[in-house]
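Protein chains in written order, with the working numbering: chain A, 1 to 328; chain B, 1 to 351.
Ideal placement from N, C-alpha and C gives every residue a C-beta, glycine not left out.
These notes are about the structure you will find just below.
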Amino acid sequence: MSFIVRRLIFYVVAAWVALTINFFIPRLVPGNAVESIMAKFPNLQPSAYRALEALLGVGNPGSLWHQYWAYLADISHLDFGTSVSEYPAQVSTLLGEALPWTIILVGTATVIAFLVGTALGIAAGWRHGGGLDRVLPGLMFLQAIPYFFFALILLELFAVKVHVFPIAQGYSQGLIPGWNGAFISSAIYHSLLPALTIVLTSIAGWMLQMRNVMITTTGEDYVVAAQAKGLHNRRVVLTYAARNAILPQLQGFGLAIGFVVSGALVMEIVFSYPGIGLLLINSVSSNDYALTQAIFLVITFAVLLANLIVDVIIVFVDPRARAREATR
Amino acid sequence: MTIAPAISTELTAVTQEAPQPGWWRRLPTKAKVGVVLFGLFVLTAIIGPLVTPYDPSYQNPSPSASMNPPNAAHLLGTTQSGQDVLSQLLVGIRLTLELGLIVGAVATALAVIVGVTSAFLGGFWDELLSLITNVFLVIPALPLLIVLLGYFPNRGEAPTIIVLALLGWPWGARVMRAQTLAIRNRDFVAASRETGERTWRIITFEIVPNEVSLIAASFVNTVLYAIGASVALAFIGVADLNSWSLGTMLYWAQSQQALQLGAWWWFVPPGLAVALMGTALVLLNTGIDELGNPRLRDASSASRIAGRWLRPADPTPVLSEVSYRRKGLASFLHSFSRSSLLDNAEAGEGR
Numbered sequence: 001m002s003f004i005v006r007r008l009i010f011y012v013v014a015a016w017v018a019l020t021i022n023f024f025i026p027r028l029v030p031g032n033a034v035e036s037i038m039a040k041f042p043n044l045q046p047s048a049y050r051a052l053e054a055l056l057g058v059g060n061p062g063s064l065w066h067q068y069w070a071y072l073a074d075i076s077h078l079d080f081g082t083s084v085s086e087y088p089a090q091v092s093t094l095l096g097e098a099l100p101w102t103i104i105l106v107g108t109a110t111v112i113a114f115l116v117g118t119a120l121g122i123a124a125g126w127r128h129g130g131g132l133d134r135v136l137p138g139l140m141f142l143q144a145i146p147y148f149f150f151a152l153i154l155l156e157l158f159a160v161k162v163h164v165f166p167i168a169q170g171y172s173q174g175l176i177p178g179w180n181g182a183f184i185s186s187a188i189y190h191s192l193l194p195a196l197t198i199v200l201t202s203i204a205g206w207m208l209q210m211r212n213v214m215i216t217t218t219g220e221d222y223v224v225a226a227q228a229k230g231l232h233n234r235r236v237v238l239t240y241a242a243r244n245a246i247l248p249q250l251q252g253f254g255l256a257i258g259f260v261v262s263g264a265l266v267m268e269i270v271f272s273y274p275g276i277g278l279l280l281i282n283s284v285s286s287n288d289y290a291l292t293q294a295i296f297l298v299i300t301f302a303v304l305l306a307n308l309i310v311d312v313i314i315v316f317v318d319p320r321a322r323a324r325e326a327t328r
Numbered sequence: 001m002t003i004a005p006a007i008s009t010e011l012t013a014v015t016q017e018a019p020q021p022g023w024w025r026r027l028p029t030k031a032k033v034g035v036v037l038f039g040l041f042v043l044t045a046i047i048g049p050l051v052t053p054y055d056p057s058y059q060n061p062s063p064s065a066s067m068n069p070p071n072a073a074h075l076l077g078t079t080q081s082g083q084d085v086l087s088q089l090l091v092g093i094r095l096t097l098e099l100g101l102i103v104g105a106v107a108t109a110l111a112v113i114v115g116v117t118s119a120f121l122g123g124f125w126d127e128l129l130s131l132i133t134n135v136f137l138v139i140p141a142l143p144l145l146i147v148l149l150g151y152f153p154n155r156g157e158a159p160t161i162i163v164l165a166l167l168g169w170p171w172g173a174r175v176m177r178a179q180t181l182a183i184r185n186r187d188f189v190a191a192s193r194e195t196g197e198r199t200w201r202i203i204t205f206e207i208v209p210n211e212v213s214l215i216a217a218s219f220v221n222t223v224l225y226a227i228g229a230s231v232a233l234a235f236i237g238v239a240d241l242n243s244w245s246l247g248t249m250l251y252w253a254q255s256q257q258a259l260q261l262g263a264w265w266w267f268v269p270p271g272l273a274v275a276l277m278g279t280a281l282v283l284l285n286t287g288i289d290e291l292g293n294p295r296l297r298d299a300s301s302a303s304r305i306a307g308r309w310l311r312p313a314d315p316t317p318v319l320s321e322v323s324y325r326r327k328g329l330a331s332f333l334h335s336f337s338r339s340s341l342l343d344n345a346e347a348g349e350g351r
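Written as structure tokens, this is what we have:
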């Protein structure tokens with residue numbers, strides 16, 4: 001069985017664990033959740049009562065085992081139930097509207113931050129003790145700032161004090177979302193500051209990690225041997241040292257992606273960016289449990305998918321892994 | 001036990017963690033800055049709530065007390081409802097730091113227990129525990145925290161601590177397992193086993209003391225995670241909003257439009273406090289890293305030869321994953337992990 005297939009099975013197991021946790025959380029909570037939700041939303045139709053009961057697993061609609069299978073069947077049809085706060089909208093519809101915003105913004109910004117951070121890390125690790133090392137404490141400060149607080153500061157500086165960037169939303173008011181020049185340029189303009197927030201706060205982490213691996217790698221005998229052969233410095237750095245240091249870096253990327261995405265989601269709130277993060281805070285503040293739980297699942301699946309992509313890249317980059325794939 | 005002292009001196013030489021006279025001078029500069037900065041926060045957390053100029057929750061009804069910029073009466077200004085920002089900050093630092101330290105202690109204890117147990121059991125149970133650890137590493141923690149805490153009727157401090165600690169152990173457990181695997185094959189462990197020491201005694205008196213620097217690093221990391229996560233949760237509104245922590249301060253500032261009203265003194269102090277606390281912890285952690293791995297240190301011991309900084313060869317063994325042959329079910333479970341890809345032992349089997 002190839003490595004990728006085995007990893008795929010691992011992610012399916014991880015997804016199943018997340019689904020199962022998600023199933024049991026509302027069922028382990030004491031008290032009648034349905035009554036309390038109905039009391040909070042006087043405008044809910046009585047028909048919503050049954051839907052809430054089914055979602056929260058109260059009112060005894062069959063055995064736990066039966067409920068569990070019904071739940072898994074619903075999820076497999078992308079049926080996450082009905083939203084309470086935006087009743088009668090389907091949760092899947094709301095997710096479908098918000099997801100593209102987040103994937104494009106967070107995905108692009110994270111990849112840019114990773115590439116730039118890794119490049120800086122290569123430079124800092126090679127010229128250990130050089131100029132780039134002197135800015136390290138500043139970078140550690142950037143790394144320690146919560147994303148959303150950095151977003152607040154950037155907004156204060158570039159949207160409130162100096163009106164260079166818009167203060168909120170994903171696109172200008174009055175525009176209708178669609179594939180036309182005016183809308184797309186407006187959307188890009190509105191996403192610049194959020195993207196800058198993600199890039200600036202996460203770049204330091206990638207750089208520090210790559211720097212430390214590079215320092216260890218440059219001490220290896222094969223790097224010294226390459227230098228002794230009189231190879232060009234750039235060739236030694238890129239094809240000998242960085243080529244080997246990139247593998248732990250990629251593994252670290254897979255592990256850290258969940259943190260980056262979580263931070264970026266909270267940041268969306270500051271910008272009122274119409275993505276998953278804003279949907280999440282709205283669902284939390286209005287006790288829309290179905291929506292909150294669906295968002296948890298969607299984020300988890302996205303992170304698992306990103307990890308699978310990282311695995312594919314590792315196999316692609318690492319000749320040992322490719323050789324082993326061929327023999328299997 | 002007669003053999004142990006002689007061997008343990010050899011070990012302290014390897015791991016370089018014995019605090020001797022003058023240890024402060026030998027500490028890397030980054031670690032010194034981190035210790036001082038973090039010490040200041042601990043001091044503030046202890047003294048701060050005793051010297052608050054006002055009750056942080058007191059809402060001054062007079063309109064002239066609302067949204068004051070920093071002045072003599074209110075050193076950090078006031079909020080929209082006339083509350084004193086400095087008082088909130090002093091109380092908030094204690095609550096946030098307290099939560100971070102408690103979660104850090106509990107989660108690190110869990111990590112040590114899981115990691116060391118996993119390495120000692122070996123075989124199938126080791127791989128099963130590693131699989132569980134990897135699953136919880138890959139599931140994003142913050143959304144799960146939100147879902148879990150969202151169902152608690154009263155989102156107080158206790159449920160937050162419990163849930164944060166329950167989700168905070170996997171990273172530390174991974175590191176502890178790798179280190180324990182490396183140590184358990186050393187001669188001094190074999191020696192104490194030969195002298196008939198019980199397993200629990202070997203673990204608590206031989207293994208764990210040799211992992212102190214790693215446990216410290218893991219603790220610092222977990223505190224960092226706990227502070228970041230709790231502040232983010234409070235900012236979203238998943239916290240006890242009647243208490244004053246750095247996160248709830250930011251929540252109220254955001255929900256009452258502090259930014260749009262230009263009240264920078266309202267949201268900058270709590271955010272800056274979180275950032276500085278985090279910086280102190282990151283600096284501490286790099287300091288601990290550099291103590292264990294001298295290669296990462298600044299150029300003090302290096303000399304410049306032909307335009308490149310070169311340093312003396314590193315005497316410290318860098319922490320590495322021990323690969324060993326696995327059999328049957330254990331080998332099957334292990335093959336699903338990412339590290340199986342870089343396993344040389346299995347590469348040999350494949351051919």
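In this structure, DSSP gives B:T29 a helical state, which the three-state scheme calls helix. For A:N282, there are no C-beta contacts with chain B under 9 angstroms, since the nearest C-beta of that chain is about 10 angstroms from it. Look at A:S285: its C-beta is under 7 angstroms from a C-beta on chain B. Rounded to whole angstroms, A:T102 and A:L94 show a C-alpha spacing of 13 angstroms.
Under a 10 Å Cβ-count criterion, B:I47 is classified as exposed, with fewer than 16 other Cβ atoms of the shown protein chains found around its own Cβ. Within chain A, the C-beta atoms nearer than 9 angstroms to that of B:F336 come from R6, R7, I9, F10 and V13, in chain order. Secondary structure at B:T195: coil, using DSSP grouped into helix, strand and coil. Its Cα nearest to that of A:V298, the residue A:S76 stands out among A:T218, A:S76, A:F10 and A:A123. With a cutoff of 7 angstroms on beta-carbon distance, A:R211 and A:G121 are scored as near each other. When secondary structure is reduced to three states using DSSP, A:D133 falls in the helix class. Within the same chain, no residue comes within 6 angstroms of A:L196 by CB-CB distance, once the 5 residues on both sides are set aside. For B:P69, the closest of B:F267, B:I215 and B:W244 by C-alpha to C-alpha distance is B:F267. DSSP, read as helix, strand or coil, puts B:D84 in strand.
Taken through DSSP and simplified to helix, strand or coil, B:T78 comes out as strand. Beta-bridge pairing by DSSP links A:T82 to A:Q90. Annotation for A:I314: the continuous alpha helix (DSSP H) segment containing it runs Y289 to V317.
Residue environment: B:E194 is assigned as exposed (fewer than 16 neighbouring CB atoms within 10 Å of its CB, all protein chains considered).
DSSP, read as helix, strand or coil, puts B:M67 in coil. The Cβ atoms of A:A264 and A:V106 sit closer than 7 angstroms to each other.
Counting only Cβ-Cβ distances below 9 angstroms, A:Y289 has contacts in chain B at V147, G150 and Y151, in chain order. Under a 10 Å Cβ-count criterion, B:R25 is classified as exposed, with fewer than 16 other Cβ atoms of the shown protein chains found around its own Cβ.
Pairing B:A234 with B:G34 gives a Cβ-Cβ distance that is not under 7 angstroms. Assigned with DSSP and collapsed to three states, A:F24 falls in helix. Taking one beta carbon from each stretch, the stretch 163-176 of chain A and the stretch 189-206 of chain A have 3 or more pairs nearer than 8 angstroms; the two touch.
With the criterion set as a beta carbon lying under 8 angstroms from some beta carbon of chain B, the members of the stretch 243-261 of chain A are L247, Q251, G254, L255, G258, F259 and V261, in sequence order. For A:F296, the chain B residues whose Cβ falls inside 8 angstroms of its Cβ are P143, L144, I146 and V147, in order along the chain. With a threshold of 16 other beta carbon atoms within 10 Å, B:L121 falls short and is exposed. Residue-level contact check: A:V135 does not touch chain B, since none of the beta carbons of chain B fall below 7 angstroms from its beta carbon.
Among the residues of chain A, none has a CB under 8 angstroms from the CB of B:T133; the nearest is roughly 11 angstroms distant. DSSP places A:G125 in the helix class (H, G or I) of the three-state scheme. Using a CB distance below 9 angstroms, no part of the stretch 97-119 of chain A faces chain B. Using a Cβ distance threshold of 7 angstroms, B:L97 and B:A165 do not count as a contacting pair. Contact annotation: the stretch 175-195 of chain B touches the stretch 109-129 of chain B, with at least three C-beta pairs closer than 8 angstroms.
Secondary structure note for A:G254: its alpha helix (DSSP H) is the uninterrupted segment R243 to F271. Contacts with chain A (Cβ-Cβ distance below 8 angstroms) from the stretch 22-49 of chain B involve K30 and V33, listed in chain order. For A:M140, the nearest CB of chain B lies under 7 angstroms from its own CB, placing it at the interface with that chain.
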